[in-house]
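*Asks:* Can you keep this structure in mind? I'll have questions shortly.
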Amino acid sequence: MFKGTYTALVTPFNRDGSVDYGCLRALIDRQAAAGITGVCPVGTTGESPTLTYEEHGEVIRKSVEFSAGRMQIVAGSGANCTREAVDLTRRAIDAGADATLQIAPYYNKPSPEGLYRHFSEVAELGLPVLLYNAPGRTSRDIPVAVVQRLAEHPMIRGIKEAAGDVARVNQIRAALGDRIDILSGDDPLTLPMMAAGALGVVSVASNVVPADLVQMVNLALTNDYEAARKIHERLMPLFVDLFIEVNPVPVKAAMAMMGTLTEVYRLPLCEMTAEHRDKLRATLAALNLI
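Counting with my numbering, you get residues 217 to 506 for the letters of the sequence shown.
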């Protein structure tokens, strides 16, 4: 189910702060032209915390419409309240999403049993679930033992690993083998994680260089790690600089420099510092992206 290159899609805004659906269509067309496997709208990279429920559902619906079957739509519909996650996932189902990306509940830090029940309730809706382990964002890891229990549910198909730990891939594979698909959630760790058994990536960098990420992942999937490593090494400065400030500020700044969107955020996110902007611009120039 989850194999290849997925883009954690940004949400473009107009100058007045409203969602720019015309730009969203253009971004999805660009992803399709690059051969991307799927996009994940309204995740953290899509500034989901600042979107209203209505906007959240509409961005998913428009993503499905604009993709026109050319890629998977893995809708971000997680929450730290199970009822909200269920409601958002129902909206994703109604919009025609292919799967749901489910973050571990943040701030309230549920127990392993609470995590199990939370994800299980979402899975009962019948939409394939990609778990999302990002303890740096949530302050709560999804224990491997919980992943093992959850994988018994037929709708829980994969996990996005963004804990910054390649060993997690080894641990999950030791516990589950091929019974759950693993995707990297960190661009710099994509190649190491794939060498350990991951099947691809949910990438921030593919907003900027989708074709390069597709090529790198496809090479790794065919065990051509020497060629994949060359792409990985060339793009590493970009991978690093896209997190020079909190995501998605640098990636939207980079895309604005490239002319693919208007650089607008919703508070509390705001523009990068001048020093970081200069560094990012130099990296883009070195890669001939601007």
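The beta-carbon is built from N, C-alpha and C at its ideal position, and this holds for glycine as well.
No experiment lies behind these values; they were computed from the predicted model shown.
Do you know offhand how far Thr-261's Cα is from Asn-463's?
*Replies:* Residue numbering aside, residue 261 sits at position 45 when the sequence shown is read from its first letter. Residue numbering aside, residue 463 sits at position 247 when the sequence shown is read from its first letter. About 6 Å.
*Asks:* Could you tell me which uninterrupted beta strand (DSSP E) segments, each at least 3 residues in length, are contained entirely in the stretch 269-294, listed from first to last along the chain?
*Replies:* Entirely contained in the stretch 269-294, the beta strand (DSSP E) runs reaching 3 residues are, in chain order, 288-292.
*Asks:* Use the C-beta contact count for Ala-490: other C-beta atoms within 10 angstroms, 16 or more gives buried, fewer gives exposed.
*Replies:* Working through the sequence shown from its first residue, we reach residue 490 at position 274. Classification for Ala-490: exposed.
*Asks:* Buried or exposed for Thr-438, going by 16 or more other Cβ atoms inside 10 Å?
*Replies:* Position 222 of the sequence shown, counting from 1, holds the residue named residue 438. The residue in question, Thr-438, is exposed, as its Cβ has fewer than 16 Cβ neighbours within 10 Å.
*Asks:* With Phe-229 and Val-480 assumed to form a contact (beta carbons below 8 Å), what rounded beta-carbon distance in angstroms separates them?
*Replies:* Your numbering for residue 229 matches position 13 in the sequence shown. Your numbering for residue 480 matches position 264 in the sequence shown. Their Cβ separation, rounded to whole angstroms, is 4 Å, which keeps Phe-229 and Val-480 in contact under 8 Å.
*Asks:* Where are the alpha helix (DSSP H) runs, 4 residues long or more, that stay fully inside the stretch 320-379, in chain order?
*Replies:* Qualifying alpha helix (DSSP H) stretches, in chain order: 328-339, 351-354 and 360-366.
*Asks:* When you compare only the Cα positions, how much space is there between Thr-499 and Ala-361?
*Replies:* Residue numbering aside, residue 499 sits at position 283 when the sequence shown is read from its first letter. Residue numbering aside, residue 361 sits at position 145 when the sequence shown is read from its first letter. Distance between the alpha carbons of Thr-499 and Ala-361 is about 41 Å.
*Asks:* Given a cut-off of 9 Å, decide if Ile-396 and Ile-372 are closer than it, judged by their beta-carbon atoms.
*Replies:* Along the sequence shown, read from residue 1 onward, the residue named residue 372 stands at position 156. Along the sequence shown, read from residue 1 onward, the residue named residue 396 stands at position 180. In this structure, Ile-396 lies closer than 9 Å to Ile-372 by Cβ.
*Asks:* Determine the direct distance from the alpha carbon of Arg-241 to that of Lys-278, and round the result to whole angstroms.
*Replies:* Counting from one through the sequence shown, the residue named residue 278 turns up at place 62. Counting from one through the sequence shown, the residue named residue 241 turns up at place 25. Going from the Cα of Lys-278 to the Cα of Arg-241 covers about 8 Å.
*Asks:* Based on the DSSP secondary-structure assignment, which residues constitute the bridge partners of Val-255?
*Replies:* Stepping through the sequence shown from its first residue, residue 255 is reached at position 39. Answer is Thr-223 and Ile-289, bridged to Val-255.
*Asks:* Under 9 Å between the Cβ atoms of Met-410 and Glu-377?
*Replies:* Start at 1 with the first residue of the sequence shown, and residue 410 comes out as number 194. Start at 1 with the first residue of the sequence shown, and residue 377 comes out as number 161. Result no, Cβ atoms of Met-410 and Glu-377 do not sit closer than 9 Å.
*Asks:* For Ala-502, name the three-state secondary structure that DSSP assigns.
*Replies:* Start at 1 with the first residue of the sequence shown, and residue 502 comes out as number 286. Three-state DSSP puts Ala-502 in a helix.
*Asks:* Name the one or two DSSP bridge partners that Gly-393 has.
*Replies:* Translated into positions along the sequence shown, residue 393 becomes position 177. Beta-bridge pairing links Gly-393 to no other residue.
*Asks:* May I have the straight-line CA-CA distance separating Ala-383 from Arg-231, to the nearest angstrom?
*Replies:* Against the sequence shown, residue 383 aligns to sequence position 167. Against the sequence shown, residue 231 aligns to sequence position 15. Their backbone Cα atoms lie some 43 Å apart in a straight line.
*Asks:* Starting from Val-302, follow the beta strand (DSSP E) in both directions and report where the run begins and ends.
*Replies:* Translated into the one-based positions of the sequence shown, residue 302 becomes position 86. Where Val-302 is concerned, there is no enclosing beta strand (DSSP E), although the alpha helix (DSSP H) it sits in stretches over 298-311.
*Asks:* Out of Glu-340, Gly-352, Leu-477 and Tyr-323, point me to the one whose CA is closest to Val-302's CA.
*Replies:* Position 86 of the sequence shown holds residue 302. It is Glu-340 whose Cα lies nearest to the Cα of Val-302.
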